[in-house]
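Each residue of the sequence shown is one higher than the one before, starting from 257 at the first, in the working numbering.
Every residue, glycine too, gets a C-beta built ideally from N, C-alpha and C.
Report on one structure; see the data block that follows.
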Amino acid sequence: MKALLKHVLTIAVFAFALTGVAQAEAPNPGFLAVAADRGFQGNEEIRDAFAAFAAGRNAELVFATDARTRGMLAEALERLKERGAQRVVVLPAFLSASDAKFALVKEQLADLGASASFARAFGESYLAVEALGDRLRSIRDPRGTRLVVAGYGARDPDNRKLLERDWQRLAEQAAAGFGFESLRTVVWYDARAPQREERRAESRRALVEAVQGAGAARAVVVSFHLGRRLDGMMSYDAELKSALPAGAELIAQGSGPEAFLATWMSREANRHAALEDRTLGVILLAHGGDFHWNEIFRQAVRPLGARHPVEYVFSMADQPLVERAVRRLERRGARAAVIVRVFGLASSFKVDVERMIGADIEGGSAPQAKLVHDDHAGHAQPGHGGSASPAPRIRSPLPIVTVGGVEAHPLFAAALLERARNLSREPKADTVILTAHGAGEDDRNEQWLRILEQLASHMKAQGAPFRAIRYATWREDWPGKREPWIARVRSMVEEASRDGRALVIPARTNGRGPEARFLDGLDYILGEGFAPHPLFLRWFEEQVQAGAAGLAGRQE
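Okay, structure coming up:
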């Protein structure tokens with residue numbers, strides 16, 4: 257951690273740690289939320305969100321206006337320091353990091369000599385995408401709609417280009433899976449921008465051009481901003497309505513980005529908090545079975561519960577069940593969470609889980625809007641012209657990462673090797689046969705076979721004393737493809753049994769598969785999968801540690 261740097265402020269001299277990662281040396285953060293001045297009603301909406309966040313925290317809120325903001329920032333920093341803040345995290349409540357008012361805040365903080373870490377702007381979070389997505393869900397028949405998303409806050413033409421870039425990204429991410437006919441964005445100039453009347457006329461022309469560009473299809477303008485709102489009449493939305501071209505519809509009512517600010521502030525605060533075992537929640541996500549099958553996993557990781565709050569989800573990544581586990585962790589005091597996917601393949605349900613926790617937006621693989629003429633609609637887009645919208649993501653104040661996939665991990669191989677050794681009487685006469693679930697798609701089944709080959713190599717490298725280690729998949733859920741593989745494994749067992757024994761070891765995360773049914777009538781010894789072996793707990797703990805490292809890395 258960098259040494260504490262002393263800086264002189266206008267009204268105080270105090271130190272803050274210049275760091276993006278909370279460390280034990282500076283356990284007391286202060287949070288400085290900054291937002292553009294919106295006028296009375298808009299500011300009250302920001303105040304309400306801030307009050308919900310600030311309860312129990314050392315936090316201040318400053319509205320950015322002009323040169324006078326410098327004094328308000330200095331006073332807010334002094335109050336944070338007086339209440340024990342040893343470092344400051346700035347929470348920028350802006351839909352674009354290029355907002356001119358945010359640039360003003362950064363300039364004035366630098367002028368004050370204040371050292372602080374900056375959270376990402378609200379508009380860079382998946383929660384901003386969700387806020388816009390909620391508005392889009394109110395649009396009937398997206399496939400017959402040309403969408404225009406209208407933002408606010410540009411200061412000059414160059415700044416407007418930067419803001420439109422960010423609004424376009426937000427709009428494309430939020431519209432992914434809806435199937436709109438087309439998508440355009442327009443960013444209005446700030447009412448206090450230089451050359452006000454000229455800029456205002458330019459904004460109106462841009463709106464008309466965007467709507468008319470929609471052609472014959474129905475045009476819907478969606479207002480999405482944290483801009484001017486003095487009251488219900490004196491607001492950007494009212495001006496947008498007055499400038500709306502004939503035939504276009506305006507959606508400006510209902511829940512807007514303000515409704516997500518408190519959750520976003522809490523999430524950013526948690527991102528900048530020190531990671532501790534007791535506040536790092538863990539979710540075990542595995543394919544479900546009966547009570548006894550599920551209980552094996554619970555018992556296998558029970559020791560972890562002495563350090564972390566642990567929740568369980570036994571399903572094929574069913575979002576309501578994952579969200580239930582997240583809410584339970586929130587109630588138990590967690591400030592961050594790691595979802596460990598206990599599946600054979602690292603790719604299993606990875607995309608699904610990443611989407612539900614917002615990692616698809618914030619992790620660099622954000623979806624883009626799929627238009628109606630695209631034959632390959634988004635993952636959540638219904639086929640055959642359906643109008644259902646993509647499911648909302650889990651809106652949580654917890655930063656969440658997901659890790660997992662056993663694959664050919666050396667600990668998995670070591671556990672399977674020990675299973676085989678415990679079953680063997682004469683290793684040199686015994687043949688180990690690793691069996692796995694497999695897949696219906698040929699290329700995915702080949703992936704399984706490569707994993708089994710790697711497991712066998714690990715076992716041999718660890719000193720496996722057996723005559724041979726062979727492997728195969730069952731492809732058990734695909735009747736048209738499993739019969740040749742059943743015959744192949746039966747042949748392996750028969751060959752091994754002629755002058756030795758066949759040790760069939762299920763390369764599974766837990767228990768056994770269909771071996772008893774598929775090998776009926778043959779002579780062999782059947783082992784068990786990974787859990788509840790002690791090495792399974794070690795593997796699981798490694799995954800939690802990897803997730804914690806990922807969370808810490810996102811703080812930087």
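Rounded to a whole number of angstroms, what is the C-alpha to C-alpha distance between residue i and residue j?
i, j, result
"Gln279", "Leu333", "Low per-residue confidence applies at Gln279: pLDDT is 35, beneath 50, and the placement is therefore not dependable, though the value from the model is reported in the following sentence. C-alpha separation (whole angstroms): 20 angstroms."
"Phe296", "Ile302", "10 angstroms"
"Val344", "Asp422", "26 angstroms"
"Gln637", "Leu759", "With a pLDDT of 35 at Gln637, under the threshold of 50, the modelled position of this residue cannot be trusted; read the value that follows with caution. Going from the Cα of Gln637 to the Cα of Leu759 covers about 46 angstroms."
"Met748", "Ala808", "48 angstroms"
"Leu577", "Gly400", "34 angstroms"
"Phe599", "Ala542", "6 angstroms"
"Met490", "Ala447", "11 angstroms"
"Val569", "Leu383", "24 angstroms"
"Gly660", "Glu551", "19 angstroms"
"Tyr408", "Ile617", "22 angstroms"
"Arg324", "Val607", "47 angstroms"
"Pro646", "Ile507", "19 angstroms"
"Ala282", "Ser603", "Bear in mind that a pLDDT of 46 at Ala282, under 50, signals an unreliable position, so the number given afterwards is only what the model happens to contain. One C-alpha to the other measures close to 38 angstroms."
"Ala615", "Gly806", "12 angstroms"
"Leu463", "Pro653", "35 angstroms"
"Phe434", "Arg391", "12 angstroms"
"Gln555", "Asn766", "12 angstroms"
"Glu524", "Phe309", "11 angstroms"
"Gln799", "Ser522", "25 angstroms"
"Glu453", "Gly379", "28 angstroms"
"Ile650", "Arg723", "51 angstroms"
"Ala341", "Val662", "43 angstroms"
"Ala359", "Lys417", "15 angstroms"
Could you check where the beta strand (DSSP E) with residue i kicks off and where it finishes?
i, result
"Phe287", "285-292"
"Arg474", "474-479"
"Phe722", "Unbroken run through Phe722: none, as it is neither H nor E."
"Val569", "566-570"
"Leu506", "505-507"
"Arg757", "757-762"
Would you list the residues sitting across from residue i in a DSSP beta bridge?
i, result
"Tyr727", "Leu690"
"Ala410", "Tyr445"
"Ala593", "Gly537, Ile656"
"Ile403", "The sequence shown places Leu at residue 403, rather than the Ile named in the question. DSSP lists Leu439, Val476 as partners of Leu403."
"Asp373", "Here the sequence assigns Ser to residue 373, which means Asp is not the residue at that position. According to DSSP, which records beta bridges pairwise, Ser373 is partnered with Val345."
"Val598", "Ala542"
"Asn526", "DSSP, once it has assigned bridges, lists no residue as partnering Asn526."
"Ile552", "Note: Ile552 sits in no beta bridge, so no partner."
"Arg649", "Per DSSP, none; premise fails for Arg649."
"Asn766", "Ala787"
"Arg425", "Its beta-bridge partners do not exist; DSSP assigns none."
"Ile781", "Leu759"
"Arg485", "Ser491"
The alpha helix (DSSP H) that contains residue i, what's its start and end?
i, result
"Leu496", "492-499"
"Leu679", "666-679"
"Val582", "575-587"
"Val662", "Val662 -> no alpha helix (DSSP H), and no H or E assigned at all."
"Ser747", "735-753"
"Asp699", "698-717"
"Gly389", "382-392"
"Ser352", "No alpha helix (DSSP H) contains Ser352, which DSSP labels as neither H nor E."
"Asp608", "606-612"
"Leu463", "452-468"
"Lys362", "356-368"
"Arg773", "771-774"
"Glu732", "Taken as a continuous stretch (DSSP letters only), Glu732 belongs to no alpha helix (DSSP H), as it is neither H nor E."
"Ile204", "As displayed, the chain neither begins before 257 nor continues past 812, which places residue 204 out of reach and without an answer."
Compare the C-beta of residue i against all C-beta atoms of chain C and say whether one is closer than 7 angstroms.
i, result
"Asp397", "Here chain C cannot be found, since the structure has a single protein chain."
_What ranges does the beta strand (DSSP E) occupy inside the region 289-345, keeping only unbroken runs of at least 3 residues that lie completely in it?_
315-320
*Evaluate the contact criterion for the region 507-520 versus the region 385-393: three or more CB pairs, one atom per stretch, below 8 angstroms.*
yes
*Answer yes if the region 408-426 comes into contact with the region 438-446, meaning at least three C-beta pairs across the two stretches below 8 angstroms, and no otherwise.*
yes
_At least three beta-carbon pairs within less than 8 angstroms, the region 317-331 to the region 536-555_ = no
*Evaluate the contact criterion for the region 485-498 versus the region 362-378: three or more CB pairs, one atom per stretch, below 8 angstroms.*
no
*So, do the region 472-480 and the region 392-407 have three or more beta carbon pairs nearer to each other than 8 angstroms?*
yes
_Check whether the region 701-716 and the region 786-794 are in contact - that is, three or more C-beta pairs closer than 8 angstroms._
no
*Would you call the region 749-768 and the region 674-690 touching, i.e. three or more CB-CB distances under 8 angstroms?*
yes
*asked:* Measuring CB atoms only, is the region 344-364 touching the region 285-292, in the sense that at least three cross pairs come out at less than 8 angstroms?
replied: yes
*With a cut-off of 8 angstroms, do at least 3 Cβ pairs link the region 558-567 to the region 768-788?*
no
*Would the region 355-364 and the region 584-596 be scored as touching if the rule is three or more Cβ pairs under 8 angstroms?*
no
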